[in-house]
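Numbering (this note's numbering), first residue to last: 70 to 286.
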């Protein structure tokens with residue numbers, strides 16, 4: 070999952086980034102409103118954590134620009150705790166409002182709840198005799214534990230986010246690999262898909278010739 074964090078306080082950016090990376094999220098960071106919009110427009114982003122008091126472009130304006138083209142989940146993160154500011158944010162279609170100082174653990178719970186509600190992503194998924202736990206990165210088939218790689222489950226989770234929709238190999242790489250990881254060749258995706266089908270008996274993963282893959286549910 071790709072999360073864009075827009076905040077002008079370096080200590081907050083670094084703290085959130087470190088915490089969420091440990092929770093297996095991919096993180097993009099912006100220190101001002103203009104940079105945040107540029108990253109949003111040039112990357113695939115699943116959720117935004119947005120401060121209000123930003124240089125170059127205020128958080129209200131950033132949210133307005135985002136809402137012109139996307140209904141992506143947005144959490145406002147701000148030291149402003151007055152009712153009027155919060156009402157304005159919700160009128161601009163913010164999904165949640167978190168007041169600084171805040172708990173990283175609780176923020177992550179809010180993020181997970183929003184992602185589940187918006188994309189229908191859950192911690193566990195079953196298909197036939199296969200059960201997958203995305204939290205612990207474990208999988209079983211017919212009651213027997215399967216030797217599965219975390220990246221294979223990352224790809225499966227991505228396909229589940231877009232059921233019946235074709236994803237190209239480059240789209241899969243963009244979503245499932247972070248900037249700090251070595252970016253694989255596109256054909257490596259074929260190997261991961263082959264392993265998913267074999268290990269978890271997933272005949273629901275369909276190849277679309279010369280395009281990519283989809284999960285048919």
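Beta carbons: idealized from backbone N, C-alpha and C, even for Gly.
Own chain residues within Cβ distance below 8 Å of residue i, not counting five before or after
i, result
"residue 86", "74, 96 and 98"
"residue 150", "168"
"residue 222", "201, 203, 206 and 208"
"residue 234", "283"
"residue 272", "266"
"residue 268", "208, 210, 215, 216, 217 and 221"
Endpoints, the alpha helix (DSSP H) within which residue i is located
i, result
"residue 185", "173-188"
"residue 80", "79-91"
"residue 260", "257-269"
"residue 235", "Counting along the chain, residue 235 falls outside any alpha helix (DSSP H), and DSSP gives it neither H nor E."
"residue 132", "128-138"
Whole-angstrom C-beta distance between residue j and residue i, which should lie under 8 Å
i, j, result
"residue 261", "residue 224", "5 Å"
"residue 142", "residue 184", "7 Å"
"residue 282", "residue 229", "With a Cβ gap of about 12 Å, residue 282 and residue 229 do not count as contacting."
"residue 106", "residue 134", "6 Å"
"residue 258", "residue 274", "Residue 258 to residue 274, Cβ: 11 Å. No contact."
"residue 280", "residue 197", "Contact flag wrong, Cβ pair sits at about 26 Å."
"residue 144", "residue 180", "7 Å"
"residue 72", "residue 88", "In fact, because the Cβ distance is near 11 Å, the residues do not count as touching under 8 Å."
Member of the options whose CA lies at the smallest distance from the CA of residue i
i, options, result
"residue 287", "212, 205 and 120", "There is simply no residue 287 to check, as the chain begins at 70 and stops at 286 in what is shown."
"residue 112", "271, 245 and 251", "245"
"residue 256", "126, 240 and 268", "240"
"residue 131", "108, 79, 242 and 152", "108"
"residue 263", "72, 90, 79 and 220", "220"
"residue 161", "129, 148 and 188", "129"
"residue 123", "79, 164, 159 and 138", "79"
Coil, strand or helix - residue i by DSSP
i, result
"residue 281", "strand"
"residue 217", "coil"
"residue 163", "coil"
"residue 114", "coil"
"residue 192", "coil"
"residue 97", "strand"
"residue 252", "coil"
"residue 207", "strand"
"residue 150", "coil"
"residue 121", "coil"
Nonlocal neighbours in the same chain, by C-beta distance under 6 Å from residue i, ignoring five residues either side
i, result
"residue 146", "118, 120 and 167"
"residue 70", "94 and 115"
"residue 76", "82 and 120"
"residue 194", "201"
Beta strand (DSSP E) segment containing residue i, residue limits
i, result
"residue 143", "143-147"
"residue 200", "199-202"
"residue 73", "71-75"
Same chain, Cβ closer than 7 Å to residue i, neighbours up to 5 away in sequence not counted
i, result
"residue 176", "167"
"residue 232", "284 and 286"
"residue 125", "101, 102 and 103"
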